[in-house]
Structures are given as structure tokens and as C-alpha cells.
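Novice: Top to bottom, those sequences are chains A and B.
Letter 160 of the first sequence, counting from 1, is numbered 161 in my numbering, and no numbers are missing.
Letter 60 of the second sequence, counting from 1, is numbered 61 in my numbering, and no numbers are missing.
Dropping a structure here in C-alpha cells format, bear with me for questions.
2 protein chains.
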Amino acid sequence: MTDVVLASNDAPTPATRSVTARALSILGVFSMERPSMTLSEISRATGLPVATVYRLAGELEEGRFLDRDEDGRYSLGLYLWEMGMLTPVHGRLREIAMPFLLNLQYTCRETVQLAVIDGVDAIYIEKLSMVESAPVQSRIGARIPLHATGVGKALLAFSDPTFVDTVLGMPLTRYTDDTTTSRHVLAKHLAQVVEDGFARSRQEYLIGSTSIAAPVLVNGVVKASIGIVNYEDTDLDEWAPALLHASKALGTRLEELRWGTKEEKK
Amino acid sequence: MTDVVLASNDAPTPATRSVTARALSILGVFSMERPSMTLSEISRATGLPVATVYRLAGELEEGRFLDRDEDGRYSLGLYLWEMGMLTPVHGRLREIAMPFLLNLQYTCRETVQLAVIDGVDAIYIEKLSMVESAPVQSRIGARIPLHATGVGKALLAFSDPTFVDTVLGMPLTRYTDDTTTSRHVLAKHLAQVVEDGFARSRQEYLIGSTSIAAPVLVNGVVKASIGIVNYEDTDLDEWAPALLHASKALGTRLEELRWGTKEEKK
């Protein structure tokens with residue numbers, strides 16, 4: 002168990018954190034790997050005394066930020082999910098995008114993904130796969146590199162030049178033999194993406210994964226990208242017109258709704 | 002910092018309790034109607050002084066619980082969305098259910114919904130509509146009555162008898178002329194739902210809305226329901242076999258994954 006404590010303890014020393022920060026740090030210890038935890042597990046993971054965890058977890062449970070099951074195990078609560086649905090970029094965008102993603106999925110019957118930029122990564126905010134779809138390794142909420150994925154390159158190619166320079170100035174991690182790690186070559190690829198209107202990626206991040214992706218532009222600014230991914234080595238170019246149609250239609254819809262502005266329509 | 006050394010059976014000091022509660026109350030003021038707010042708007046909505054809001058919002062922003070745009074307006078942050086995706090009932094269930102919902106949507110081409118019980122309400126956790134679907138009035142996260150909707154009746158009919166008695170003992174709100182408000186008649190309806198294996202609802206909650214819905218049973222316990230809804234007065238019974246197939250397949254999948262238990266597989 003000690004390794005878990007070490008792994009999760011990258012925060013400032015517990016005693017120097019404010020009460021609020023300590024309460025919030027309790028929420029931060031839950032993960033895909035550990036979706037539910039006992040008081041003593043939370044205590045070990047946060048470095049906070051059990052008594053403190055007991056009191057703060059009680060407050061968080063009262064506020065529906067934590068749920069507790071019959072065995073006394075805590076998990077993240079409904080209220081967090083409800084608030085997550087209200088986050089403009091992720092919750093709201095996902096909801097507005099869904100019909101467009103669904104129609105695209107109908108057309109191509111491949112896995113369809115929606116991604117946005119967060120920091121210098123892309124992050125998946127939706128993934129539509131059917132029961133019979135090839136197993137998809139992307140998880141909603143997962144971070145993926147901008148330079149080595151279809152959705153990432155579609156986002157990057159249409160980004161502000163200053164941002165592109167920043168990303169090109171960072172080390173371009175090699176994930177497979179086909180990852181572009183040369184800044185110069187990547188810049189040429191991105192110019193081609195702008196010319197084509199969509200990006201292609203063939204096992205640049207995961208072996209065997211092929212994708213195409215197009216940017217979602219809102220008043221000329223890239224806000225998201227939509228990708229079609231397959232885990233056989235299929236040429237996906239035949240779906241490019243449907244992809245471009247979906248990404249343009251979503252951009253237009255977001256403009257109509259004035260999405261992300263204070264005048265946003267519901 | 003004295004709270005750190007409190008014994009677990011000590012009452013929390015009012016001062017520290019209120020710090021956490023005040024920070025959490027800031028997150029609670031955002032809504033669909035007000036997805037972004039200025040400091041002074043938050044101050045008015047919470048009743049906290051601007052200086053307090055300023056300090057707590059800063060901590061919440063640092064923890065990525067709040068985002069702030071160029072105009073200084075706050076909105077709920079990415080981290081809340083990420084944590085919401087980790088909530089067992091809502092985030093995880095939704096992700097596991099998606100392929101089954103999608104296949105059902107493919108078959109019937111009507112709007113497909115996923116709902117769970119929360120308290121004495123049903124709550125929508127997913128909704129799949131196509132671009133050309135009839136406008137759907139349900140919103141993800143919205144609460145709906147158990148006694149007057151398809152997904153609600155499917156959840157209620159298969160619930161623990163004690164819980165059913167509780168709901169039947171509450172006032173059954175009338176929403177339309179077709180809402181069942183008699184406890185006795187509703188009990189007979191629920192028995193019919195169990196016999197048929199699925200629920201029907203025809204404008205019992207919203208005029209013009211028709212739905213069928215089936216329970217998702219996990220080891221014999223109802224955990225969710227899947228509904229098909231239409232806003233024309235269409236007979237949806239032709240989709241009942243596909244609906245039952247989807248709800249059974251999802252239940253089996255959740256059993257396989259040991260969903261919601263500490264042994265859950267990822």
C-alpha cells in the first residue's frame with residue numbers, strides 16, 4: 002500500500018494546505034483504478050490524519066460530493082457529475098455535439114471521437130462505439146498528444162500560431178516508429194492538414210490505429226475536433242466528406258447558440 | 002490548523018466547517034441558467050463577502066474546480082468534469098452503457114434515454130438523439146417523476162417493495178390529464194409492467210410524449226432503465242424486443258464487470 006501513498010502524494014505537505022485545499026485533495030485521490038476507498042485508504046492517499054479525513058469526508062458526503070456505500074467505502078458523488086455536466090467546454094459541448102456525432106457514426110459505423118485542447122494535450126470528451134466495434138483504447142477524459150493523433154493534429158493545425166510554436170518547441174515524444182518527432186516535418190504535415198481541411202494519422206500513437214479528424218471552428222477559432230478511428234488498417238478517406246460535414250455543422254450550431262459566451266442560449 | 006489534531010469523535014469547529022461549506026457553496030451557484038458568473042455575481046448568489054469569494058474562488062481555480070475566462074468570469078472547471086466521469090453510477094455506468102444504447106438507437110432511430118433512481122426521482126444520465134430527431138425536452142441531469150414516465154415506472158416496478166411503498170405513500174403529482182395519481186391504480190400498472198417486462202407511458206408527464214422503457218437488472222437488482230421516447234403519438238411496442246435485448250445485455254455486461262463493487266474490472 003505504501004507505493005500508493007507515494008504515487009499520490011505529489012501535493013504540498015498536508016499541514017501547509019488550507020482547509021479548502023485539504024477537502025478538495027480528498028476528492029482528488031479517486032481515480033479509474035481506485036473509484037472507491039475506505040477512510041483509512043483516503044487517509045494514506047492524502048497524507049491526512051484519519052480524524053481529519055473523517056470530518057472532511059462527512060462534510061463532503063453531506064454536500065453530495067462523496068457517496069458512501071453500505072460497507073463504508075466512499076466514491077465520488079452525484080453532485081460532482083451534475084456539476085461536470087455544467088462545465089462549458091466539456092459537459093455542454095458534449096451535449097450539443099452528440100446529435101452530430103451520432104449522425105456521423107450512423108454514416109461511417111466506425112468509432113467516433115470528440116476532443117478538445119487542454120493545456121498542451123488533447124483530451125477526449127466523447128467516444129461513440131457500437132457493441133460490435135473493434136475494442137477502442139481511448140477512454141473519455143484521457144489525455145493524448147497533439148502531435149501524434151488525428152484529433153490532436155486537427156486541433157493543432159488550426160490553432161493560433163503562437164500556440165503552435167509553443168507545442169513545436171516542446172520535445173515531440175516518440176510513441177511508435179511512425180510518430181513524427183521532427184519539428185520541421187510536423188510543421189509541413191500541419192500545413193497539409195490545413196490545405197486538406199482534415200488530418201490523417203496512421204499508428205503514430207498506437208500501433209494498428211488509423212484515424213482521420215477535422216477541426217470544429219467557431220467564428221474561425223478551433224474549439225474541438227471530431228475524429229473517426231479504426232483499429233484495422235483501413236483507409237478512412239471515404240468518410241472525409243461526412244466528417245467535414247459533421248464538424249462544420251457542429252461549428253455552425255455552436256455559433257448559433259453563442260456557446261461559451263455569457264449570452265449562450267439554452 | 003488545529004482541526005488536524007481533533008479526535009474523530011470531536012464536533013468539528015464551526016469555523017472550519019464553514020470554510021469548506023463556503024467553498025463548496027461557491028461551486029453550487031452555477032447552473033444551466035447561469036453557467037458563468039463574475040466575482041460580484043457569485044458574492045450576491047452565495048451571500049458571501051466579495052473578499053471571501055475572491056480568496057476561495059482563487060483556491061478553487063488553482064485546484065481546477067473553477068475556470069476563469071479573459072473577462073474574469075468564472076465557470077465550473079475541467080476537474081469537476083473529470084471527476085464526474087469517475088462517479089460510479091453516472092460516469093462509469095454511462096460509459097459502459099453507451100454501446101448498448103447506440104445499438105438500440107441504430108435499430109429504432111428514436112431518441113434513447115438512460116435513467117437511474119436518485120432519492121425518490123429518476124434522473125436522466127444519457128440521451129441519444131439524432132440531428133433530425135424530434136426536439137427532446139429531457140436534459141441530461143434532469144430529474145423526472147418515477148410515477149409518470151416510462152423510465153421512471155420501469156425503475157419503480159422492479160424496485161424493492163419497501164421503496165415502492167414509500168413512493169406510493171407520497172403525493173403523486175398530476176402533470177397531465179393522463180398522469181396516474183391514484184396509488185391503487187399505479188400499483189396495478191406496476192404489476193403489469195413486471196408482467197410485460199417493460200413500461201409504457203403516454204403523455205403522463207409531457208403532452209405528446211410517448212415512451213417505452215425496460216429495467217436494467219444487475220444480479221436481480223434494478224440499477225437503471227433504458228427508454229425509447231417519441232414526440233409523435235407513435236406506438237413504440239414494435240421496438241420492445243430490441244429494448245429488452247439492450248437492457249438485458251447491459252445488465253449482463255455490468256455483472257461481468259462487477260460494476261460498482263470494489264472488484265470492478267476496468
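Think of the CB as a built atom: it goes at the ideal place given N, C-alpha and C, for glycine as much as any other residue.
Leaving out five residues on either side along the sequence, give the residues of the same chain with a beta carbon under 8 Å from the beta carbon of L77 of chain B.
Specialist: Position 76 of the second sequence, counted from the start, is the residue given in the question as residue 77 of chain B. Cβ neighbours of L77 of chain B beyond the five flanking positions: L28, F31, P36, F66, L67 and D68.
Novice: Taking the CB atoms as reference points, tell me whether L1 of chain A and H148 of chain A lie closer together than 8 Å.
Specialist: Here chain A comprises residues numbered 2 to 267, so residue 1 of chain A is not present and cannot be evaluated.
Novice: At the level of alpha carbons, what is the spacing between I118 of chain B and P216 of chain B?
Specialist: Translated into the one-based positions of the second sequence, residue 118 of chain B becomes position 117. Translated into the one-based positions of the second sequence, residue 216 of chain B becomes position 215. Spanning the two alpha carbons is a distance of roughly 11 Å.
Novice: Would M171 of chain A count as contacting chain B if we go by Cβ distances under 8 Å?
Specialist: Sequence index remark: in the first sequence, residue 171 of chain A carries index 170 (1-based). Chain B contact via Cβ: absent.
Novice: Counting only beta-carbon atoms, is H91 of chain A nearer than 8 Å to chain B?
Specialist: Here residue 91 of chain A refers to the residue found at position 90 of the first sequence. Yes, H91 of chain A lies at the interface with chain B (some Cβ there is under 8 Å from its Cβ).
Novice: Let me check you understand the geometry: is the CB of E34 of chain A closer than 7 Å to at least one non-hydrogen atom of the ligand GTP?
Specialist: Ligands displayed in this structure: none; no statement on the ligand GTP is therefore possible.
Novice: Throw me the rounded Cβ distance for the T181 of chain B and L169 of chain B pair, which I believe falls under 8 Å.
Specialist: Translated into positions along the second sequence, residue 181 of chain B becomes position 180. Translated into positions along the second sequence, residue 169 of chain B becomes position 168. T181 of chain B to L169 of chain B, Cβ: 11 Å. No contact.
Novice: Are A98 of chain B and L251 of chain B close, meaning C-beta to C-beta below 8 Å?
Specialist: Here residue 98 of chain B refers to the residue found at position 97 when the second sequence is read from its first residue. Here residue 251 of chain B refers to the residue found at position 250 when the second sequence is read from its first residue. Yes.
Novice: Exposed or buried, M171 of chain A, counting other C-beta atoms within 10 Å across all chains shown (16 or more means buried)?
Specialist: Taking the first sequence and counting its residues from 1, one reaches residue 171 of chain A at position 170. It counts as exposed.
Novice: Just to confirm the assignment, what range does the beta strand (DSSP E) spanning R69 of chain B have?
Specialist: Stepping through the second sequence from its first residue, residue 69 of chain B is reached at position 68. Note, R69 of chain B: beta strand (DSSP E), L67 to R69.
Novice: Of all the CB atoms in chain B, is at least one closer than 8 Å to the CB of F31 of chain A?
Specialist: Within the first sequence, numbered from 1, the residue matching residue 31 of chain A stands at position 30. By this cut-off, F31 of chain A is an interface position.
Novice: Report the residue from A:T21, A:A123 and A:L102 whose alpha carbon sits nearest the alpha carbon of S130 of chain B.
Specialist: As a first step, residue 130 of chain B is located in the second sequence; it is residue number 129 there, counting from the start. Taking only the C-alpha atoms, the option nearest S130 of chain B is A:L102.
Novice: Can you pull out the residues from the stretch 94-109 of chain A whose beta carbon lies closer than 8 Å to at least one beta carbon of chain B?
Specialist: Answer set for the stretch 94-109 of chain A: E96, M99, P100, F101, L103, N104, Q106 and Y107.
Novice: Which same chain residues end up closer than 6 Å to F159 of chain A when comparing Cβ atoms and leaving out the 5 residues on each side of it in sequence?
Specialist: Numbered from its first residue, the first sequence carries residue 159 of chain A at position 158. Same-chain partners within the cutoff: P216 and V223.
Novice: So which residues on chain A does K263 of chain B lean against when the C-beta distance must stay under 7 Å?
Specialist: Counting from 1 along the second sequence, the entry for residue 263 of chain B is found at position 262. In chain order: S37 and R74.
Novice: So with Cβ pairs under 8 Å, would you call G221 of chain B a contact of chain E?
Specialist: Going by chain labels, chain E is absent from the structure shown, which instead holds the protein chains A and B.
Novice: With 16 other CB atoms within 10 Å as the buried threshold, where does P242 of chain A fall?
Specialist: Along the first sequence, one-based indexing puts residue 242 of chain A at 241. Exposed, by the Cβ-count rule.
Novice: When you compare the CB of S130 of chain B with every CB in chain A, is at least one pair closer than 8 Å?
Specialist: Taking the second sequence and counting its residues from 1, the one referred to as residue 130 of chain B is at position 129. Yes, S130 of chain B lies at the interface with chain A (some Cβ there is under 8 Å from its Cβ).
Novice: Excluding sequence positions up to five away, which residues of its chain have a Cβ less than 8 Å from the Cβ of P15 of chain B?
Specialist: Numbered from its first residue, the second sequence carries residue 15 of chain B at position 14. Note on P15 of chain B: pLDDT 39, under 50, position unreliable in the model; the coordinate value appears next. So the list is empty, once near-sequence residues are dropped.
Novice: Rank A:A192, A:I208 and A:T163 by C-alpha distance to the C-alpha of R175 of chain A and give the top, closest one.
Specialist: On the first sequence, position 174 is the one that residue 175 of chain A refers to. Answer by Cα proximity: A:I208.
Novice: Tell me, please, whether the CB atom of T174 of chain B is closer than 8 Å to any CB atom in chain A?
Specialist: Reading the second sequence from its first residue, position 173 is the one you call residue 174 of chain B. No, no contact with chain A.
Novice: Where does the unbroken alpha helix (DSSP H) through I141 of chain A begin, and where does it stop?
Specialist: The residue given as residue 141 of chain A occupies position 140 in the first sequence. Where I141 of chain A is concerned, there is no enclosing alpha helix (DSSP H), given that its DSSP letter is neither H nor E.
Novice: Anything in chain A within Cβ reach of W82 of chain B, meaning under 7 Å, just list it in chain order.
Specialist: In the second sequence, residue 82 of chain B corresponds to position 81, counting from 1. The contacting residues are G85, T88, H91 and G92.
Novice: If we ignore side chains and look at the alpha-carbon of each, how far apart do G151 of chain A and Y55 of chain A end up?
Specialist: Walking along the first sequence from the start, residue 151 of chain A turns up at place 150. Walking along the first sequence from the start, residue 55 of chain A turns up at place 54. If I take the Cα positions, the gap works out to 45 Å.
Novice: Can you look up P216 of chain A in the DSSP assignment and give me helix, strand or coil?
Specialist: In the first sequence, counting from the first residue as 1, residue 216 of chain A sits at position 215. Here P216 of chain A sits in strand by DSSP.
Novice: How big is the Cα-Cα spacing for H91 of chain A and K128 of chain B?
Specialist: The residue labelled residue 91 of chain A in the question sits at position 90 within the first sequence. The residue labelled residue 128 of chain B in the question sits at position 127 within the second sequence. Rounded to whole angstroms, H91 of chain A to K128 of chain B spans 16 Å at the Cα level.
Novice: Could you check where the alpha helix (DSSP H) with I43 of chain A kicks off and where it finishes?
Specialist: Residue mapping note: residue 43 of chain A aligns to position 42 of the first sequence, counting from 1. Start and end: L40 to T47.
Novice: Determine the burial state of D154 of chain A: buried for a count of at least 16 other Cβ atoms within 10 Å of its Cβ, exposed for fewer.
Specialist: Here residue 154 of chain A refers to the residue found at position 153 when the first sequence is read from its first residue. Rather than Asp, the amino acid found at residue 154 of chain A in this sequence is Lys. Answer is buried; the Cβ neighbour count reaches 16.
Novice: Pull up the DSSP beta-bridge partners for L115 of chain A, would you.
Specialist: By one-based count along the first sequence, residue 115 of chain A stands at place 114. According to DSSP, L115 of chain A bridges with A:E127 and A:I227.
Novice: For the beta strand (DSSP E) holding Y75 of chain B, just list the boundary residues, first then last.
Specialist: Locating residue 75 of chain B in the second sequence gives position 74, counting from the first residue. It spans Y75 to L77 - the beta strand (DSSP E) in which Y75 of chain B sits, taken as one unbroken run.
Novice: By DSSP, does S26 of chain B sit in helix, in strand, or in coil?
Specialist: Along the second sequence, read from residue 1 onward, the residue named residue 26 of chain B stands at position 25. In this structure, S26 of chain B counts as helix in the three-state DSSP scheme.
Novice: Return the residue from the list B:E133, B:E205, B:R144 and B:L245 that minimises the CA-CA distance to S183 of chain B.
Specialist: Residue 183 of chain B sits at position 182 when you count from the first residue of the second sequence. Residue B:E205 is the option with its Cα nearest to S183 of chain B.
Novice: Interface residues of chain A around F66 of chain B at Cβ under 7 Å?
Specialist: Position 65 of the second sequence, counting from 1, holds the residue named residue 66 of chain B. Near F66 of chain B (Cβ distances below 7 Å), the residues of chain A are L25.
Novice: For R201 of chain B, report the span of its beta strand (DSSP E) as first-last.
Specialist: Here the question's residue 201 of chain B lines up with position 200 in the second sequence. From DSSP, the beta strand (DSSP E) with R201 of chain B extends over A200 to R203.
Novice: Alpha carbon to alpha carbon, how far is G261 of chain A from A247 of chain A?
Specialist: Position 260 of the first sequence, counting from 1, holds the residue named residue 261 of chain A. Position 246 of the first sequence, counting from 1, holds the residue named residue 247 of chain A. Distance between the alpha carbons of G261 of chain A and A247 of chain A: 20 Å.
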